[in-house]
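Quick note, the sequences are listed as chains A and B, same order. Quick note on numbering: the first sequence equals residues 1 to 480 in my numbering. Quick note on numbering: the second sequence equals residues 481 to 929 in my numbering. Don't be surprised by glycine CBs; every beta carbon is placed ideally from N, CA and C.
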Amino acid sequence: MTALPKLIFDLSREGKLGCGLKGADVPAKPVIAASCRRDGIADFPEVSEVEIVRHYMALARLNYSVDAGFYPLGSCTMKYNPKINEKLAAADEFQAHPYAPHDLVQGNLEIMARLEEWLIALTGMAGFTLAPAAGAHGEFTGMLIIRKYLQEKGDARKVVLIPDSAHGTNPASAHFAGYEVREIPSNARGIIGIEELRAHLTPDVAALMMTNPNTLGIFESNIISIAEALHANGSLLYMDGANLNALLGIVRPGDLGVDVMHINLHKTFATPHGGGGPGSGPVGVAARLLPFLPVPRVRKNKDRYEVEYDDPHSIGRVKNFYGQFLVMIRALAYLLALGRENVRRVAEDAVLNANYIRKKLEGKLDLPYATPTLHEVVFSDQGLPVKTLDIAKRLLDYGFHPFTIYFPLIVHGAMMIEPTETESKETLDEFITVMDTILGEARENPDLLRQAPTQTPVRRLDETLAARKPVLKWSRGENR
Amino acid sequence: MRYLPLTDVERGEIKKTIGISDIKELFSCIPEGECYPSLAGIPSALSEPELIATFRELGRKNRFADHLSFMGAGACSHFIPEAVSYLSGKGEFLTPYTPYQPEVSQGSLQAIFEYQTMMTMLTGLDVANASLYDGATAAAEAVLLAVRRSGRSRVLLAANLHPEYAAVIRTYVQNLPIELLTVASNETSGRVDDLDLRARLDEATAAVVFQSPNFLGVVEDGRAIAAAAHERKAYAVQVVAEAMSLAYLTPPGECGADIAAGEAQSFGLSLGFGGPYLGFMAAREEFLRQMPGRLVGQTVDLDGKRGYVLTLSTREQHIKREKATSNICSNEAWCAMRAGMYLAVMGKTGLARAAETCHLNAAYFAAAAAELKPVAVVYPANFYNEVLIEVTKGPAADFHAALKKKGILAGVPLSWFDVKQKNRLLLAFSEVHDRQAIDRLLAAMGECA
Chain A
1 MTALPKLIFD LSREGKLGCG LKGADVPAKP VIAASCRRDG IADFPEVSEV EIVRHYMALA
61 RLNYSVDAGF YPLGSCTMKY NPKINEKLAA ADEFQAHPYA PHDLVQGNLE IMARLEEWLI
121 ALTGMAGFTL APAAGAHGEF TGMLIIRKYL QEKGDARKVV LIPDSAHGTN PASAHFAGYE
181 VREIPSNARG IIGIEELRAH LTPDVAALMM TNPNTLGIFE SNIISIAEAL HANGSLLYMD
241 GANLNALLGI VRPGDLGVDV MHINLHKTFA TPHGGGGPGS GPVGVAARLL PFLPVPRVRK
301 NKDRYEVEYD DPHSIGRVKN FYGQFLVMIR ALAYLLALGR ENVRRVAEDA VLNANYIRKK
361 LEGKLDLPYA TPTLHEVVFS DQGLPVKTLD IAKRLLDYGF HPFTIYFPLI VHGAMMIEPT
421 ETESKETLDE FITVMDTILG EARENPDLLR QAPTQTPVRR LDETLAARKP VLKWSRGENR
Chain B
481 MRYLPLTDVE RGEIKKTIGI SDIKELFSCI PEGECYPSLA GIPSALSEPE LIATFRELGR
541 KNRFADHLSF MGAGACSHFI PEAVSYLSGK GEFLTPYTPY QPEVSQGSLQ AIFEYQTMMT
601 MLTGLDVANA SLYDGATAAA EAVLLAVRRS GRSRVLLAAN LHPEYAAVIR TYVQNLPIEL
661 LTVASNETSG RVDDLDLRAR LDEATAAVVF QSPNFLGVVE DGRAIAAAAH ERKAYAVQVV
721 AEAMSLAYLT PPGECGADIA AGEAQSFGLS LGFGGPYLGF MAAREEFLRQ MPGRLVGQTV
781 DLDGKRGYVL TLSTREQHIK REKATSNICS NEAWCAMRAG MYLAVMGKTG LARAAETCHL
841 NAAYFAAAAA ELKPVAVVYP ANFYNEVLIE VTKGPAADFH AALKKKGILA GVPLSWFDVK
901 QKNRLLLAFS EVHDRQAIDR LLAAMGECA
């Protein structure tokens, strides 16, 4: 095992320089009082450029990434991130100041307008805001839109229904939008049954938040009757589009009665996750909800793109400036590269790959729901001599990133596998072979799995210690 | 298609394995009438050269780059050392997910731990989180944090908070039992009006939220505001829209702020037409278990070796669901790592030099502008890198447009945010400017009399 890199602070030596900036060339003195100025930054790093480059290169080597290999993290859609998109997003000609006059940024505004057109075409929604910064931010925005719409109708309502298989962001987003969350159980098939819905559909229900396909990878096949039941009750249908990858070119949520939905550009549209962001979470709405979208909105007026800042019904602003613009560039580039010839193939291949893994591992791992699945499959550790965590950690020893573990919460010991469409059959076969090997080890030498990983830069980390005695920063003389 | 590795032969093999003959069988769960909609309206696929050409054409429709820019107001151009772009562009940093498997994520985790440390040094506060979306949402999260921690429900917002930050805060709290009140600005000083602040503070006040340097460019008297807030056992929340100021001015923690939140785009992120940027939050220790967002903490592995993990996750949505401290999941991790790289490369000396240059360039401009006929400097003393000027004749928007014709983007007219502010223009200066650039601005302004 390699030694871990020192912290940047421990590399610091007085007098070293990492950058070649000169000082000011203007004949001026500070105008702000000395009492308002700081006297240096104690312990701030002083490291040379070459040492910094080596420091971060050493850190880079400790990371697993999509560029390095298979990353079947369920519900995260870890597809390949095309390299040309990085170059386009970094190009100087797009790095405008967000307040640059609109006549000087027509290209940027066109990028936003064209991305919105693509999202409309793929989802069947009437219009989108591109402002939300991430999926959860999109959920929150969507909930605010629903609330404002109902408020203006004079019936704000109190409750949002959320299935027990949902991501934790759903209840959190609904809560911060002022709603009370009511959980509804999934049925034996792993989906929302129309009877379960009706049992919870009281007059104070504002909306149902439905992830479709849901976190078990199952399409909510009652969606049309669910939408009808909601609408008859004066409630709305929110769709969490985290798993939209499975539906591209296959079905449009807007055609199924969805009123509001968000999309994760960093999942479905191949923009890199960056180790936890930035994302981008555009929100699409049905026509009657268009006036409530957040500002600003880009609109085309004859040959020119303009920006609308005021809308009397809008929920307001959810973020400064226009949103995650450089993520939008990457998403548009990805879609333009796919075109109508390939956009459907993305979903088809993603579903093919997931079903291939399902077929190959079915019978070896417990499959809690037999219902057909789309882009991902959820197994459990039931009947195994080891836990899901042990299998996940052993996968690390074989050079694979594990699947999502212990989610969704309705499956005890869940293993949620989403291969995506950007993996070759060869990679899937290697993964399946390794899973077979690990399951063999689990029977013969379960301790091997409980001790795993041993081939990684560090072994299992003490998370309890981290939480009980939090050390969240370097301090001189500590952090050894 | 270059992003799809399956061949038709392999697709056939997979179909055979899973026991279907037609791919459509996989989608039989979808209501039939709605399945496989027409894609006729969607454009045809582009080759990589066509894609490049398309974006070059879009780029050509942007004309801003021909201009000398002094735009700020929450986003500011700063020099980015090449090592920062090189390192942050590595696929190892760009293409992992959130570090849920710490054994293979020590690179991201340590980089963010270093970033957190540097943010505590810059803010003078005890703990910093791993990022929030941007300055405006960080300010909104700070409001929620102060309310949560204090158990009080009233929050005072300084009038000179960035108008978009104030707007986002209003959006965030619109359905929550939180009351927002505005504290007036003193017209003479451009700062929070002390009398108005004291009049509005009471035992229901959770926090005073003020920006420094504020939206008029003025550095607030943070000590006085914090002292007034603390007298009523309310928290002082300092919002910072220009993070470079943290390297030059007395840090928020030293002034008595309990929470600092804001925008760190200045730390190595390109202007990018407004995003992705980097929301930051730092606070006193007492807020730790109530903070929003990810936190990276140090621990040890089974062999006692130092390592890092995401920690205190019982605050978060995936554990606590609707009882979480925030709904945030994906944040701006890559931007935080990049900011850490930027701060490391700039280092103690470079950062101080850049931060000082921003102020001296602004000071040089303000002194020279004071001699110009067509304009007056509104607050000639307590600014950092932004200078508010008043155009003596006619609306600032016209003056701005006249300078634009000369190839200069002379800041932002405040009328874009508040129609009553007709004659004022806010200009930003940084280390990307030199004397020649500022002289060109001054000469052009003189000609616009």
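Check whether the Cβ atoms of residue i and residue j sit closer than 7 Å, and answer yes or no.
| i | j | result |
| --- | --- | --- |
| B:V699 | B:L677 | no |
| B:Y483 | A:L73 | no |
| B:A616 | B:E644 | yes |
| A:H375 | A:G217 | yes |
| B:Y829 | A:L237 | Note that residue 829 of chain B is Thr in the sequence shown here, rather than Tyr. Cβ atoms of B:T829 and A:L237: not closer than 7 Å. |
| A:F176 | A:F140 | yes |
| A:I329 | A:A28 | no |
| B:L921 | B:H547 | no |
| A:S186 | A:P171 | no |
| A:A466 | B:T779 | yes |
| B:G742 | B:L868 | no |
| A:T373 | A:K79 | no |
With distances taken Cα to Cα, identify the nearest neighbour of residue i among the options.
| i | options | result |
| --- | --- | --- |
| B:M724 | B:A563, B:L637, B:A835, B:P756 | B:A835 |
| A:V251 | B:E493, B:A832, B:L519 | B:L519 |
| A:R288 | A:G254, A:F321, A:P282 | A:G254 |
| B:A876 | B:G569, B:L907, B:A563 | B:L907 |
| B:F695 | B:K885, B:D878, B:Y864 | B:Y864 |
| B:N640 | B:D919, B:V912, B:M925, B:L894 | B:L894 |
| B:K496 | A:T420, A:A370, A:Y356 | A:Y356 |
| A:M125 | A:A133, A:P132, A:E116, A:H412 | A:E116 |
| B:F550 | A:P294, A:R54, A:A100 | A:A100 |
| B:V489 | A:D349, A:E308, A:A172 | A:D349 |
| B:F507 | A:T371, A:P385, A:R443 | A:T371 |
| B:E812 | A:E46, A:Y80, A:A136 | A:A136 |
| B:L661 | B:M826, B:P693, B:T668, B:V623 | B:V623 |
| B:E583 | A:S475, A:K469, A:L461 | A:L461 |
| A:I391 | A:I41, A:L109, A:L365, A:L248 | A:L365 |
| B:Q691 | B:R671, B:A707, B:L681 | B:R671 |
| B:R536 | A:E110, A:V26, A:S48 | A:E110 |
Please name the residue or residues paired with residue i in a DSSP beta bridge.
| i | result |
| --- | --- |
| A:H262 | A:D240, A:V283 |
| B:G787 | B:T779 |
| A:K300 | A:Y305 |
| A:N63 | B:S585 |
| A:L472 | According to DSSP, which records beta bridges pairwise, A:L472 is partnered with nothing at all. |
| A:F379 | A:M415 |
| B:N542 | A:V105 |
| B:V871 | B:V855 |
Assuming residue i and residue j are in contact, meaning their beta carbons sit under 8 Å apart, how far apart are those beta carbons, in whole angstroms?
| i | j | result |
| --- | --- | --- |
| A:G276 | B:R774 | 7 Å |
| A:N342 | B:M481 | 4 Å |
| B:L823 | B:A555 | In fact, because the Cβ distance is near 18 Å, the residues do not count as touching under 8 Å. |
| B:Q916 | A:G168 | B:Q916 to A:G168, Cβ: 54 Å. No contact. |
| A:P408 | A:H262 | About 19 Å separates the two Cβ atoms, so there is no contact after all. |
| A:C76 | B:V825 | At roughly 31 Å, the Cβ-Cβ gap does not stay under 8 Å, so A:C76 and B:V825 are not in contact. |
If you run the structure through DSSP and keep just helix, strand and coil, what is residue i?
| i | result |
| --- | --- |
| B:T730 | coil |
| A:M1 | Legend: pLDDT at A:M1 = 47, less than 50; position of this residue unreliable, value from coordinates given subsequently. Here A:M1 sits in coil by DSSP. |
| A:D366 | strand |
| B:K496 | helix |
| B:S665 | strand |
| B:Y844 | helix |
| B:L883 | helix |
| B:S806 | coil |
| A:P213 | coil |
| A:G339 | helix |
| B:V688 | strand |
| B:M931 | Residue coverage of chain B in this structure runs from 481 to 929, which leaves residue 931 of chain B outside it and unanswerable. |
| A:L208 | strand |
| A:L130 | coil |
The ligand NAD and residue i: does any heavy atom of the ligand fall closer than 6 Å to the residue's C-beta?
| i | result |
| --- | --- |
| A:E46 | As for the ligand NAD, it is missing from this structure, which has no ligand bound. |
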